[in-house]
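Trainee: Provided herewith is a single structure, encoded as structure tokens, for subsequent inquiry.
In our numbering, the protein residues as written are 336 to 757.
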């Protein structure tokens with residue numbers, strides 16, 4: 336029988352998770368003791384370390400150091416992408432082929448920990464390095480530690496200082512009223528004042544929701560909270576920008592391509608800290624001439640969406656000591672710094688604040704200085720089903736005639752149904 340992501344998730348939601356898990360290496364007797372020696376052959380599933388440079392970094396530098404420390408452990412690497420990661424994990428979970436160590440996104444731990452697919456980690460790993468509390472929050476489920484952070488991908492607003500100067504704009508917007516006014520002022524000659532759409536619509540709307548003082552779910556993950564006026568207002572703001580002509584959904588750029596801020600087709604845009612590294616490679620003159628600046632989105636409160644990559648271990652690994660050792664090593668300072676530099680991401684621990692990489696990358700530095708405003712997506716065991724519905728449900732309100740209120744209400748119904756199936 337052919338398995339796909341939707342059928343696996345539906346089956347789990349319908350109550351067959353136990354059967355899926357029983358196929359994942361059998362019962363508890365198939366898993367060894369994490370207190371034993373780190374030895375054996377294990378598999379790492381990762382959506383990062385992209386391309387030839389990433390592969391060299393991981394396999395030669397990072398895993399080379401791991402082999403020296405743990406010579407009795409062999410690590411096989413399974414590379415994937417974030418677009419395919421969920422399907423790969425859920426299919427592996429159902430078929431009993433879940434890798435020993437997995438790297439996954441912020442918000443992903445509760446869904447898989449709730450299915451008992453992940454191994455709980457000892458709490459002392461949370462204090463092995465100087466992790467900020469907010470960075471560790473997405474690594475927990477039901478108060479227990481299941482993962483460690485590797486790199487963060489924050490969502491911030493980047494702007495063209497030269498465009499601001501030409502238009503006589505003296506300061507960055509402090510709230511949405513100012514943002515809308517400045518976006519109108521900067522829109523001219525085919526250039527949009529603000530591009531919020533070149534990052535994923537789900538992540539963009541969430542950032543605006545949080546800045547508007549809203550939340551996705553209750554603390555226990557059982558109640559939908561984004562359907563109130565703050566969630567509707569976040570989506571309505573996008574519609575207002577489009578109506579003003581200062582934003583255009585059709586003009587968004589693809590990941591990796593020169594962004595609208597780089598090309599001058601937008602004066603401001605929602606993006607990630609990785610844009611600094613991309614710009615340094617594609618348009619170094621913008622950095623050399625100090626033409627880029629950045630700020631944290633704010634309305635009722637400042638808010639910076641905190642995504643990123645976490646590392647965790649399978650609960651059914653036959654070599655749990657080796658798996659735990661690799662989890663700790665991938666989240667250690669040297670490994671984290673290498674991954675952050677390669678991706679242009681924010682290091683997941685404070686031990687690296689004073690490194691040359693952080694000091695040179697102004698977007699990373701801004702993110703680290705504003706981690707008190709960081710908010711993570713997810714927060715419910717039903718997140719993997721809900722996250723896929725956000726973009727297609729909200730998009731008609733931006734590109735079509737649907738109202739923001741109706742789109743948010745529909746998303747709320749879908750989320751409530753997903754939570755009800757857990």
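Glycine included, every Cβ here is placed at the ideal spot set by N, Cα and C.
Going by C-alpha to C-alpha distance, which of 558, 409 and 565 sits closest to residue 721?
Mentor: It is 558.
Trainee: Take residue 614 and list the residues in its own chain whose beta-carbon comes closer than 7 Å to its own, dropping the five residues that flank it on each side.
Mentor: Taken in chain order, the residues that qualify are 597, 621, 622 and 627.
Trainee: Closest to residue 671 by C-alpha separation, out of 393, 372 and 385, would be which residue?
Mentor: Nearest C-alpha to residue 671: 393.
Trainee: Using the Cβ count rule (16 or more neighbours within 10 Å means buried), how would you classify residue 589?
Mentor: Residue 589 comes out exposed.
Trainee: Quick one: grab the DSSP three-state call for residue 534.
Mentor: Coil at residue 534, not helix or strand.
Trainee: Please classify residue 417 as buried or exposed, where buried requires at least 16 other C-beta atoms within 10 Å of its C-beta.
Mentor: Exposed: under 16 other Cβ atoms inside 10 Å.
Trainee: Would you identify the three-state DSSP class for residue 647, choosing helix, strand or coil?
Mentor: Residue 647: strand per DSSP, three-state reduction.
Trainee: For residue 592, count neighbouring Cβ atoms within 10 angstroms of its own Cβ and tell me buried if that reaches 16, exposed if not.
Mentor: The residue is exposed, with fewer than 16 neighbouring Cβ atoms inside 10 Å.
Trainee: Using only the alpha-carbon positions, how far apart do residue 340 and residue 753 sit?
Mentor: With a pLDDT of 38 at residue 340, under the threshold of 50, the modelled position of that residue is not reliable, and the figure given next carries that caveat. In a straight line, the C-alpha of residue 340 is about 15 Å away from that of residue 753.
Trainee: For residue 405, which residues in the same chain have their Cβ closer than 6 Å to its Cβ, ignoring the five residues on either side in sequence?
Mentor: Closer than 6 Å at Cβ, skipping near neighbours: 373 and 660.
Trainee: Which residue spans inside the region 668-733 form an unbroken alpha helix (DSSP H) run of at least 4?
Mentor: Runs of the alpha helix (DSSP H) inside the region 668-733: 668-678, 691-695 and 697-704.
Trainee: In chain order, which alpha helix (DSSP H) runs of at least 4 residues are fully inside the region 542-585?
Mentor: Counting only runs of 4 or more, we get 564-579.
Trainee: Which one of 648, 465 and 530 has the shortest CA to CA distance from residue 607?
Mentor: Taking only the C-alpha atoms, the option nearest residue 607 is 530.
Trainee: Cα separation between residue 520 and residue 509?
Mentor: Cα-Cα distance, rounded: 15 Å.
Trainee: Indicate whether residue 534 and residue 701 have their beta-carbon atoms separated by less than 8 Å.
Mentor: No.
Trainee: Tell me, to the nearest whole angstrom, how far the beta carbon of residue 709 is from that of residue 489; I am working on the premise that it is less than 8 Å.
Mentor: Their Cβ separation, rounded to whole angstroms, is 7 Å, which keeps residue 709 and residue 489 in contact under 8 Å.
Trainee: Just tell me which of 587, 688 and 486 has its CA closest to the CA of residue 609.
Mentor: Checked all of 587, 688 and 486; the closest Cα to residue 609 is 486.
Trainee: Which same chain residues, not among the five before or five after residue 476, have their C-beta less than 6 Å away from its C-beta?
Mentor: Result list for residue 476: 444, 445 and 448, in chain order.
Trainee: Suppose you measure from the CA of residue 359 to the CA of residue 396; what does that come to, to the nearest Å?
Mentor: With a pLDDT of 36 at residue 359, under the threshold of 50, the modelled position of this residue cannot be trusted; read the value that follows with caution. Straight-line Cα distance between these residues: approximately 31 Å.
Trainee: I need the boundaries of the alpha helix (DSSP H) containing residue 425, first residue and last residue.
Mentor: Element bounds for residue 425: 417-430.
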